[in-house]
Amino acid sequence: MNMFKELERGSFGYTNKKKNRQLMQFFLFLGVGVLMFIVGLLLHNFDKANFITILAILMVLPMTKAFVIYVVLFPYKSVSKELYDEVSEKVSANAILMTDMVITSPDKHMGLSFVVISDTQVLCMLGKAKQDVAYIENYLKESLANNKIEGFTVKVFDDYSKFLDIIGTRDYEKTSKQEECFKYIRTLVV
Numbered sequence: 000m001n002m003f004k005e006l007e008r009g010s011f012g013y014t015n016k017k018k019n020r021q022l023m024q025f026f027l028f029l030g031v032g033v034l035m036f037i038v039g040l041l042l043h044n045f046d047k048a049n050f051i052t053i054l055a056i057l058m059v060l061p062m063t064k065a066f067v068i069y070v071v072l073f074p075y076k077s078v079s080k081e082l083y084d085e086v087s088e089k090v091s092a093n094a095i096l097m098t099d100m101v102i103t104s105p106d107k108h109m110g111l112s113f114v115v116i117s118d119t120q121v122l123c124m125l126g127k128a129k130q131d132v133a134y135i136e137n138y139l140k141e142s143l144a145n146n147k148i149e150g151f152t153v154k155v156f157d158d159y160s161k162f163l164d165i166i167g168t169r170d171y172e173k174t175s176k177q178e179e180c181f182k183y184i185r186t187l188v189v
């Protein structure tokens with residue numbers, strides 16, 4: 000896996016790949032920081048007050064960021080290939096399918112297995128049981144409204160069979176609003 004290749008948010012396998020990347024970054028920053036600290040001590044006769052040691056201590060910042068993202072993603076996992084294939088077969092060609100999404104609000108983390116964006120709807124499937132469906136719906140509605148993306152109804156499902164029934168009911172039109180909604184929702188993903 001190429002650590003520097005950009006992962007596309009909302010794509011199949013994103014959550015597992017992102018967790019692995021964050022864990023690797025954590026250990027990379029930890030290793031570089033420890034190595035810099037030791038080199039700084041050796042070059043300056045074990046005097047801790049040197050420039051290299053200060054840089055080593057600053058390595059804690061990106062290391063901590065990587066660890067925090069890993070901790071946020073840890074309870075969630077990517078959907079199986081079979082499940083993804085089943086949903087992608089049902090989705091209309093003009094609808095946008097996103098998967099493996101963990102969204103954060105100031106109050107909570109929310110996992111969504113699937114998000115289908117049509118011309119007028121944002122249909123979501125919970126990624127983890129016992130999440131507050133009303134809170135997620137409200138958060139997404141308010142987020143879209145605050146960013147002046149209007150004309151979408153948001154519905155979050157906790158029942159997979161109902162979700163499958165709804166997404167395959169009609170054909171959708173491709174609209175510029177739909178693309179705008181997709182781009183915005185993608186920014187919400189951790």
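Under numbering that gives the first Met the number 0, the residue at position 105 of the sequence shown is numbered 104, and the numbers go up by one with no gaps.
Cβ coordinates follow ideal geometry from the N, Cα and C atoms, glycine included.
### Query
Which of helix, strand or coil does DSSP assign to LYS154?
strand
### Query
Where TYR13 and PHE45 are concerned, what is the direct C-alpha to C-alpha distance, given to the nearest angstrom?
44 Å
### Query
On the three-state DSSP scale, how would you describe VAL78?
Of the three classes helix, strand and coil, the one that applies to VAL78 here is coil, per DSSP.
#### Entry: MET0 to GLN21 span [Cα, whole Å]
Summary for MET0: the model assigns pLDDT 48, below 50, so the residue's position carries little reliability; its value from the coordinates is reported in the next sentence. Answer to the nearest angstrom: the Cα atoms are 13 Å apart.
### Query
What is the DSSP secondary structure of VAL71, reduced to helix, strand or coil?
helix
### Query
Hey, quick one: how far does the beta strand (DSSP E) through VAL115 stretch, first residue to last?
108 to 116
### Task
Give the range of the alpha helix (DSSP H) segment to which MET58 is assigned.
Here MET58 belongs to no alpha helix (DSSP H), and DSSP marks it neither H nor E.
### Query
Who are the Cβ neighbours of PHE162 in its own chain at under 6 Å, not counting the five residues just before and after it?
MET124 and PHE156
### Task
Give a yes or no on whether the C-beta atoms belonging to GLY39 and LYS89 are separated by under 9 Å.
no
### Query
Just the Cα atoms here: how many angstroms apart are LEU187 and VAL115?
Rounded to whole angstroms, the separation of the alpha carbons of VAL115 and LEU187 is 15 Å.
#### Entry: Expected contact under 8 Å - CB spacing of ILE68 and VAL153 to nearest Å
About 25 Å; that fails the 8 Å criterion.
### Task
Might you give, ordered along the chain, the residues of its own chain that have their beta carbon closer than 7 Å to the beta carbon of ALA94, omitting 5 neighbours on each side?
Only VAL115, ILE116, SER117 and TYR171 meet the Cβ criterion.
### Message
In the DSSP assignment, the beta strand (DSSP E) including ASP99 goes from what residue to what residue?
### Response
95 to 103
### Query
The alpha helix (DSSP H) spanning LEU41 covers which residue range?
13 to 42
### Task
Pick helix, strand or coil for GLN130, following the three-state DSSP scheme.
coil
### Task
Pick out whichever of ALA92, PHE181 and THR98 has its Cα sitting closest to the Cα of LYS80.
Closest option to LYS80, judged by alpha-carbon separation, among ALA92, PHE181 and THR98: THR98.
### Query
Tell me the DSSP bridge mates of CYS123?
VAL114 and VAL155
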